[in-house]
Amino acid sequence: MSHCAIVCLYTVCSSVNTLKKVTVVYHSALKGLFHLKMSRLYDTIEPNVIDEKMLQKAVEEQGPQEELGQLAKREGIDFKDVTQLQLDFRNILKIDNLWQFVNLTKLQLDNNIIEKIEALDSLVRLVWLDLSFNNIETIEGLEALVKLQDLSLYNNRISKIENLDTLQELQVFSIGNNNLTALENVVYLRKFKKLRTLNLTGNPVCENEQYSMFIAAHLPDLVYLDFRLVDEYTRELAEIKYQYAIDELKQGEAQALAKLVEEEAKQKELDHHKAAYVEYLNGPFLFESMYAEDTEAARLAYLPGMADLLETYKSKFVLICENLFAYGLKQHENRKAEVSTFYKCLQEAIKDSQHQGTKIILDFENNSQGLLDVVQNISNLEIAEAKLLKYNEDISQLSDTLMTLEMQTVDQLEEIIKDFERNIADQMSTFIEDVQGMMAQCRDLENHHHEKLLEIAINTLEKIVKSEFDEEMPDDVRLLFVDKDTIVNAVNASHDIHLLKIDNREDDIVTKANSWSSSVIEEVHKNEISRNRNRVREINQYIDHLQEELDNMESLEPME
0 MSHCAIVCLY TVCSSVNTLK KVTVVYHSAL KGLFHLKMSR LYDTIEPNVI DEKMLQKAVE
60 EQGPQEELGQ LAKREGIDFK DVTQLQLDFR NILKIDNLWQ FVNLTKLQLD NNIIEKIEAL
120 DSLVRLVWLD LSFNNIETIE GLEALVKLQD LSLYNNRISK IENLDTLQEL QVFSIGNNNL
180 TALENVVYLR KFKKLRTLNL TGNPVCENEQ YSMFIAAHLP DLVYLDFRLV DEYTRELAEI
240 KYQYAIDELK QGEAQALAKL VEEEAKQKEL DHHKAAYVEY LNGPFLFESM YAEDTEAARL
300 AYLPGMADLL ETYKSKFVLI CENLFAYGLK QHENRKAEVS TFYKCLQEAI KDSQHQGTKI
360 ILDFENNSQG LLDVVQNISN LEIAEAKLLK YNEDISQLSD TLMTLEMQTV DQLEEIIKDF
420 ERNIADQMST FIEDVQGMMA QCRDLENHHH EKLLEIAINT LEKIVKSEFD EEMPDDVRLL
480 FVDKDTIVNA VNASHDIHLL KIDNREDDIV TKANSWSSSV IEEVHKNEIS RNRNRVREIN
540 QYIDHLQEEL DNMESLEPME
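In numbering that gives the first Met the number 0, the protein residues as written are 0 to 559.
Okay, here's the thing in structure tokens:
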């Protein structure tokens, strides 16, 4: 691009910030020329993997952060404090060891020999990423970068735009000088509602005579395409030309969105059920799961009268499950209400303590206001020392008062926590007892069904032995009736599988309920210990500050 072209951009851009984004690729292109010149040199250098030594050196060399770099060189620096990192022109083949840079917002990895996008999952704060002038063939490994706004994949070997679904904040996307051939692939970018700047120049797809019109029609919010402002005239012509295709596309997108909303609603509902430990109990799922792994069930279903027996069993079993489901949801709401009430009481007690502490400190500061200045101006040494002594006693008294208040707060909160523990324990005990009672009803139904099934099986066997059984029966079912042990073992095996499924579901509910109870109580105690330590530290720091002021005053000579 010529200098004149850049100047023209300045005249048409309505936003300086947007202009800067448009010209990013131009500067990348200049760097790329240098990259090409250096390619022979790279061929003679061993490929690198990002390691600790390279990272430390890069931080030390930070150009715009010279003071930070010097500090890192002298004393070392915690990588989590770094917000920008420049790793270009380092012959990097593999991305690795960036997990410590959790606060990184800008990362330059351009002009290397990287073949795969990987190891970026920890960089969740990243806003700007440059991977231009590498050997990347597939877009991948960017799922965690949900805050990314500016992405450059310029001059790689990419043939398809894909795997960017989570990058909903994307505003600037440069993927010029790659191997994109399908114009329809650009439609994928419609899902990025904030995308305003796109560079595709240098791809085979740009040779299509419909290229500019197609892009303008399918990406109506795009402001800049290939360094140029998308003018309204082009946009209007594109809209007319592709009106029917766009209408059809919008209809498809609306249907997809509706389906997504529906799926999200179902997932949200399922998550709610899981939080209550009763997922899939609002229907025949548990009953059907018992028979899904029962290899004998299909053969036993051919026994006379089994259809009616199974239907009766299923209806009663599912009713119990639905009752358990409704009960579980109700108890879940009760637990949420209990937790909410507890935290409300806890915060009120803490807030009241904080108000008392603030009042005590303000009273102290009002009473001692200007005391040190007065003492400094007192010429009589004995009077000055007496006042300083009294002030020292007041500081000690203040410390004792604040610590006593904190001890009282700890005792008060401990009582609130104990009440909460008792309430949660009672709730969980009742919940588990009722769940076990309902699951016992399921077992009773299964036992009753088993007895009836066994009775039918024995009667059928006796009829077969006496040649009195006239009904049609598949050969594999008849094999069950070679003797009494065979049919009894088949019925018992089916029964055991059903009981195991019921037991496992009960254990799952009880285990999750107990685990939740333990984790909630543990978190409460952990938070209280942390609060108490922080408060004691605050008091000590304040008292130390007052004492330091006093010590400095005592070191001064009184005024003559």
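No residue lacks a Cβ here, since even glycine has one placed at the ideal position from N, Cα and C.
Item                                                                                                                                   : Value
Residue from Ile76, Glu263, Lys465 whose Cα sits closest to the Cα of leucine 54                                                       : Ile76
Nearest to histidine 447 (by Cα), restricted to the options Phe316, Glu208, Asn281, Asp164                                             : Phe316
Rounded C-alpha distance that separates leucine 194 from asparagine 177                                                                : 20 angstroms
Run of the beta strand (DSSP E) containing lysine 265, from where it starts to where it stops                                          : Note, lysine 265: premise wrong, no beta strand (DSSP E); alpha helix (DSSP H) at 242-274.
Distance, aspartate 506 Cα to isoleucine 431 Cα                                                                                        : 10 angstroms
Pick from Phe284, Thr137, Arg124 that is closest to leucine 97, judged by C-alpha positions                                            : Arg124
Status (buried if at least 16 other CB within 10 Å, exposed otherwise) for glycine 327                                                 : buried
Buried or exposed by the 16-neighbour rule on C-beta atoms within 10 Å, applied to threonine 429                                       : exposed
Nonlocal neighbours in the same chain, by C-beta distance under 6 angstroms from asparagine 155, ignoring five residues either side    : Asn133, Ile135, Asn177
Integer-rounded CB distance, given that isoleucine 112 should sit under 8 angstroms from isoleucine 94                                 : With a Cβ gap of about 11 angstroms, isoleucine 94 and isoleucine 112 do not count as contacting.
The segment 379-399 touching the segment 459-470, judged by at least three CB pairs closer than 8 angstroms                            : no
Three-pair Cβ contact test at 8 angstroms for the segment 249-260 versus the segment 219-238                                           : no
Residues of its chain near glycine 356, where Cβ-Cβ distance is below 7 angstroms and the 5 sequence neighbours each way are ignored   : Leu401, Leu404
Histidine 497 versus threonine 340: straight-line alpha-carbon distance, rounded                                                       : 41 angstroms
Per-residue burial, leucine 144 [other beta carbons within 10 Å of its own, 16 or more giving buried]                                  : buried
Beta-carbon proximity of glutamate 295 to valine 519, cut-off 9 angstroms                                                              : no
Within 9 angstroms, strictly: CB atoms of glutamate 168 and leucine 147                                                                : yes
Euclidean distance between Cα positions of isoleucine 214 and leucine 108                                                              : 29 angstroms
With 16 other Cβ atoms within 10 Å as the buried cut-off, status of arginine 504                                                       : buried
Beta-carbon proximity check, leucine 130 vs serine 151, cutoff 9 angstroms                                                             : yes
Cut-off 7 angstroms between Cβ atoms - residues of its own chain near valine 269, not counting five sequence neighbours on either side : Checking the sequence shown, residue 269 turns out to be leucine, not valine. Answer for leucine 269: Glu278, listed in chain order.
C-alpha distance - cysteine 205 paired with isoleucine 174, whole-angstrom precision                                                   : 12 angstroms
Every unbroken alpha helix (DSSP H) within the segment 316-401, with a cutoff of 4 residues, ordered by chain                          : 370-375
Beta-ladder partner(s) of isoleucine 239, from DSSP                                                                                    : For isoleucine 239, which the question treats as bridged, DSSP gives no partner whatsoever.
Contact set for tyrosine 241: own chain, Cβ-Cβ below 8 angstroms, skip 5 residues either direction                                     : Met212, Phe213, Ala216, His217
8 angstroms CB neighbourhood of aspartate 50 in its chain, flanking five on each side removed                                          : Asp95, Asn96
Beta-carbon proximity check, leucine 345 vs methionine 438, cutoff 9 angstroms                                                         : no
Proximity of asparagine 513 and methionine 427 at Cβ, strictly below 9 angstroms                                                       : yes
Contact set for leucine 478: own chain, Cβ-Cβ below 8 angstroms, skip 5 residues either direction                                      : Thr485
Cβ pair isoleucine 455, leucine 285 closer than 9 angstroms                                                                            : no
C-alpha gap between glutamate 142 and phenylalanine 480, whole angstroms                                                               : 59 angstroms
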